[in-house]
Every structure is written in structure tokens, then in C-alpha cells.
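Below: one structure, written as C-alpha cells.
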Amino acid sequence: MGALSDLRSEAGAELEELELDLLLEALVRRYGFDYRLHERDALKRKLYALMHRRGLATLSSLQDHALHDPATASALLRALSVPPATLFDDPQEALQLRGLLDACLRGAALPRVWLADCAGAEQAWTLAVLLEEEGLLARTEIHATVGSDELLAEAAACRIPVERLAQCQRLYEYAGGKASLSAHFQIEDGHAVLLPQLRSRISWAQYNLVTDASFNEFQLIVCRRALPDFGPLLRQRVLRLFHASLAPLGILGLDRPLASDDAHARHYQQLLPQQAWYKRTA
10 MGALSDLRSE AGAELEELEL DLLLEALVRR YGFDYRLHER DALKRKLYAL MHRRGLATLS
70 SLQDHALHDP ATASALLRAL SVPPATLFDD PQEALQLRGL LDACLRGAAL PRVWLADCAG
130 AEQAWTLAVL LEEEGLLART EIHATVGSDE LLAEAAACRI PVERLAQCQR LYEYAGGKAS
190 LSAHFQIEDG HAVLLPQLRS RISWAQYNLV TDASFNEFQL IVCRRALPDF GPLLRQRVLR
250 LFHASLAPLG ILGLDRPLAS DDAHARHYQQ LLPQQAWYKR TA
């Protein structure tokens, strides 16, 4: 019985991998979204959570629904995207970033920041507040890119319940904030929206890290939330893309420290001990 059980388990695992391959291929051919080089375990966690919410038993059934039901397809692509951020939800990262902004942006004629695979409007709003308080926002362009038109629409329509500002105040203070977070927002019908003069410094665009080429030169690139889901080959491609897009002496924010064999690793100097913030040196 033990050997038979092992064979069934192995066959089930092989079938699961086949179903996943077919689903990912279907997403490329039907919708143009390529997750084939993402970490398989991370993909499965997200997919199984979606299947549970929708009462689906197999990846094949999820594929069938995604191909024929736009609502399921939309939910599937959203599930595979970067989870949405909230204001100052990583105050340690925000504090580190606040301390690095001046070094990479102050001397540039037209400073540009790229939030690659941005985790939604609130991540961009957090950066805009930091830049405003450091006296850098008025001359800095924030380029926030996401993977789909739907995510673009979500970012454009974003507003948060006004009580959330009070809840985020402590996180903002931990990240070096000295004033009231609400001073950066306007209130509309019980909801808060970033002030227009801050929002105007953020440009949103659809961009695919898997397939698209470098589109500008930046003094700061931040991609700390999407990279953990990338498989080894895709990670190296994205690191090469960032190198091609980062100005000399620019700063790169990653999810984890560079390994010695990572693409272009020798051209980067670590700025904070044990933290994945790097200055391009060549």
C-alpha cells in the first residue's frame, strides 16, 4: 500500500504541475500576461487561495472559468499581482527611504523615481509624502508602473476612509514624520485623497517587467514587493533591466541583498547593513 500511495501522490503532483503549466500558458495566449517564470510555490499559494474563495477544486477548472468568464479572469490576474499596499504599512522601509532620498535626488537636474510593479496608489502616496517633507517633490517625477489597465483604474480611483489617516499616523511618525499625516490630504465625503499638488507629481503607466524594455533613466528605482515572486531567470532579467534604467550613482531598492552572482552585482555598493539598498557605482 505504501508504494501504491507514493505512486498516486507522485502522479497527482505531476498532474498538478501540468495543470499549472497549461493555466500559465493560457494566461499568456489569451490575455498577454506571462507568469511562467514566477516562483511556482508562490503562484500555487495565490491560485489555491483564489480557488477556495470561488469554490473551484482544480487548476483546470480555474483555467476553464478564466477563459470563459471575464470576472474570473479579472480576479485571477488581480490575485497574481502585487498585494496592494496601505499608507506607511512598512515604516522601517519608509524611514530608510527618507534617509536616502537626498543623496540620490538632490543633485539631479530632473530627478526621476520608478516604483516598478507598484503596489497601488497608497505606496505611491507614501513616497510622495516623503518627498514633499524632504523638500524634493516639486522637482521630482514619480513614475509608478503596474501590470494591467485594471490596476491603473484602481490607482486613479483610490481614496481611503478618513479614519484610516488617524490609524496610519503612528506608522508615519515611526517613519520620521514630524507633522500630521492628514495635512497632506483633502477630505471628500468622509474619504481622504492625496492633495492635488502631490498627486500631480505621480505618473501612472501600464508596464510589464517580464517583456518590456527600459523606458527612461532614473535616479531611484524601488521594487521590493514584486521581486520575491520572481523565479531565478526572471529575477536576473529584471536586475539587468534595472541596471539599464538606473543612472550612475543612482539608488536601487530590492527585496533582499544582492548575491555575488546576481546580474551586475559588482557595480553596486550596499548602503545600509543587512538592507537591500544599493548605489550604482559604475
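Taking my numbering, the leading residue of the sequence shown gets 10, the next gets one more, and so forth. Here a beta-carbon is modelled for each residue, glycine too, at the ideal position from N, C-alpha and C.
Using C-beta distances below 8 Å, list every residue in its chain close to residue i, excluding the 5 sequence neighbours before and after it, in chain order.
| i | result |
| --- | --- |
| residue 88 | 55, 56, 58 and 59 |
| residue 48 | 237, 238, 239 and 240 |
| residue 16 | Model confidence at residue 16 stands at a pLDDT of 40, short of 50, so the residue's coordinates are unreliable and nothing is read from them. |
Buried or exposed: where does residue i fall if 16 or more other Cβ atoms within 10 Å of its Cβ makes it buried?
| i | result |
| --- | --- |
| residue 255 | buried |
| residue 146 | buried |
| residue 199 | exposed |
| residue 141 | buried |
| residue 90 | buried |
| residue 179 | exposed |
| residue 244 | buried |
| residue 151 | buried |
| residue 230 | buried |
| residue 132 | buried |
| residue 72 | buried |
| residue 102 | buried |
| residue 224 | exposed |
| residue 13 | Any reading at residue 13 needs caution, since the residue's pLDDT is 39, under 50, leaving its predicted position unreliable; the model's value is listed next. Result: exposed. |
Quick one, are the C-beta atoms of residue i and residue j less than 8 Å apart?
| i | j | result |
| --- | --- | --- |
| residue 126 | residue 156 | yes |
| residue 107 | residue 228 | no |
| residue 124 | residue 136 | yes |
| residue 118 | residue 92 | no |
| residue 210 | residue 154 | no |
| residue 185 | residue 76 | no |
| residue 289 | residue 259 | yes |
| residue 168 | residue 202 | yes |
| residue 215 | residue 264 | no |
| residue 25 | residue 68 | yes |
| residue 276 | residue 291 | yes |
| residue 190 | residue 183 | no |
Assuming residue i is part of the alpha helix (DSSP H), what are its boundary residues?
| i | result |
| --- | --- |
| residue 55 | 49 to 63 |
| residue 108 | 100 to 114 |
| residue 207 | 205 to 208 |
Could you name the residues of the same chain whose beta carbon sits closer than 6 Å to that of residue i, not counting the 5 residues immediately before and after it, in chain order?
| i | result |
| --- | --- |
| residue 33 | 44 and 45 |
| residue 37 | 43 |
| residue 272 | 245, 248 and 249 |
| residue 134 | 203 |
| residue 100 | 180, 183 and 184 |
| residue 74 | 81 |
| residue 212 | 152 |
Residue i lies in the beta strand (DSSP E); which residues open and close that run?
| i | result |
| --- | --- |
| residue 212 | 211 to 215 |
| residue 249 | Unbroken run through residue 249 is the alpha helix (DSSP H), 241 to 254; no beta strand (DSSP E). |
| residue 96 | First-last for residue 96: undefined, no H or E at that position. |
| residue 279 | 277 to 279 |
Using a Cβ-Cβ cut-off of 7 Å (strictly less than) and excluding sequence neighbours within five positions of residue i, which residues of its own chain qualify?
| i | result |
| --- | --- |
| residue 130 | 164 and 167 |
| residue 217 | 156 |
| residue 39 | 76 |
Does the Cβ of residue i lie closer than 7 Å to at least one heavy atom of the ligand GDP?
| i | result |
| --- | --- |
| residue 134 | The ligand content of the structure shown is nil, which means the ligand GDP is not present either. |
### Task
Jot down the residue ranges of each uninterrupted beta strand (DSSP E) in the segment 129 to 196, minimum 3 residues, whole runs only, in chain order.
150 to 155
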